[in-house]
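Read the structure below first, then the notes.
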C-alpha cells in the first residue's frame, strides 16, 4: 500500500461522462442513468484497501441518509486485476452484497474513467450538483483506520447540506487519503 492523497481538481469541473458495468446487477449504466436529481456523489473505492474497509459503514449510512433527498451515490473500482485479483468484478459483487451497498458498484476495467476524474486513491470522493458541476472533492471526514476518530462523514455531509440550503460549499476542502489506485 502506498499512502496517497487525492488530486484536488478544480471546483466547477463538469463530470466526465462514462458507461460502465455494475458488478451486482450485471447491467451497463451511464452517468446519465445514475445521476441524482439534486447531486451525484462519485466514489472511487476498491475491496482490498484498509481505508475503504474502514469507511464502508459510513458510505452505506451516507447513501441511505441522502438518497431520499435526491442525491445518488456511485462507487467505481479501477484497480488493475493482474496485481490485485481481490478487486475483481466477482469479488466486488461479494463486497457490495456483504456491505449492503445501496448504490451501484461499477467496474472501470480500462481505468479510463479514473484517469478522466484524475482519481488517485481509494477512497476518493467527488460531489457534483444538479448541473453536474463539481462542488466538492476530498475526504469523507477526519477518521482514519488508526487514529481513533469516529466516522461521521462530516465533510461530505457539510457539502451536501450546504447545497440543499443554497449556501456555498466551503472552499476549504481537504484531500482524501488512502491506497493509490493500482494502475496497469
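Numbering (the working numbering), first residue to last: 71 to 254. Where a beta carbon is used, it is the ideal one built from N, C-alpha and C, also for glycine.
*In the DSSP assignment, find the alpha helix (DSSP H) that holds residue 141 and state where it starts and stops.*
Against the chain shown, residue 141 aligns to sequence position 71. No alpha helix (DSSP H) contains residue 141, which is instead part of the beta strand (DSSP E) from 141 to 147.
_Tell me which residues share the same chain as residue 312 and place their Cβ nearer than 7 Å to its Cβ, disregarding the 5 neighbours each side in the sequence._
Here the chain has residues from 71 to 254 only, and residue 312 is not among them.
*How big is the Cα-Cα spacing for residue 130 and residue 108?*
Looking up residue 130 in the chain shown gives position 60. Looking up residue 108 in the chain shown gives position 38. About 19 Å.
*Along the chain, which unbroken stretches of the alpha helix (DSSP H) at least 4 residues long are found entirely within the stretch 166 to 218?*
182 to 187
*Could you say if the stretch 194 to 207 and the stretch 229 to 247 meet the contact criterion of at least three C-beta pairs nearer than 8 Å?*
yes
*Tell me which same chain residues have a C-beta within less than 8 Å of the C-beta of residue 95, skipping the five on either side of it?*
The sequence position of residue 95 within the chain shown is 25, counting from 1. Excluding sequence neighbours, residue 95 sits near 174.
*Apart from the five residues just before and just after residue 156, which ones in its own chain have a Cβ nearer than 7 Å to its Cβ?*
Within the chain shown, the letter at position 86 stands for residue 156. Correct list, in chain order: 117, 118.
*Anyone know if the C-beta pair for residue 245 and residue 183 falls short of 9 Å?*
Numbered from 1 along the chain shown, position 175 holds the residue referred to as residue 245. Numbered from 1 along the chain shown, position 113 holds the residue referred to as residue 183. Cβ distance not < 9 Å, so residue 245 and residue 183 don't count as in contact.
*By how many angstroms is the C-alpha of residue 223 removed from the C-alpha of residue 151?*
Taking the first residue of the chain shown as position 1, residue 151 is located at position 81. Taking the first residue of the chain shown as position 1, residue 223 is located at position 153. Their backbone Cα atoms lie some 29 Å apart in a straight line.
*Are the beta-carbon atoms belonging to residue 74 and residue 208 less than 9 Å from one another?*
Numbered from 1 along the chain shown, position 4 holds the residue referred to as residue 74. Numbered from 1 along the chain shown, position 138 holds the residue referred to as residue 208. Contact flag unset, no.
*Grab me the residues of residue 220's own chain with a C-beta within less than 8 Å of its C-beta, minus the 5 sequence neighbours each way, in chain order.*
Counting from one through the chain shown, the residue named residue 220 turns up at place 150. Counting only Cβ-Cβ distances below 8 Å, and skipping sequence neighbours, we find 213.
*Would you kindly report the start and end of the unbroken beta strand (DSSP E) that includes residue 234?*
Locating residue 234 in the chain shown gives position 164, counting from the first residue. Counting along the chain, residue 234 falls outside any beta strand (DSSP E), though it belongs to the alpha helix (DSSP H) covering 224 to 234.
*Tell whether a beta-carbon distance below 9 Å holds between residue 143 and residue 191.*
Taking the chain shown and counting its residues from 1, one reaches residue 143 at position 73. Taking the chain shown and counting its residues from 1, one reaches residue 191 at position 121. No.
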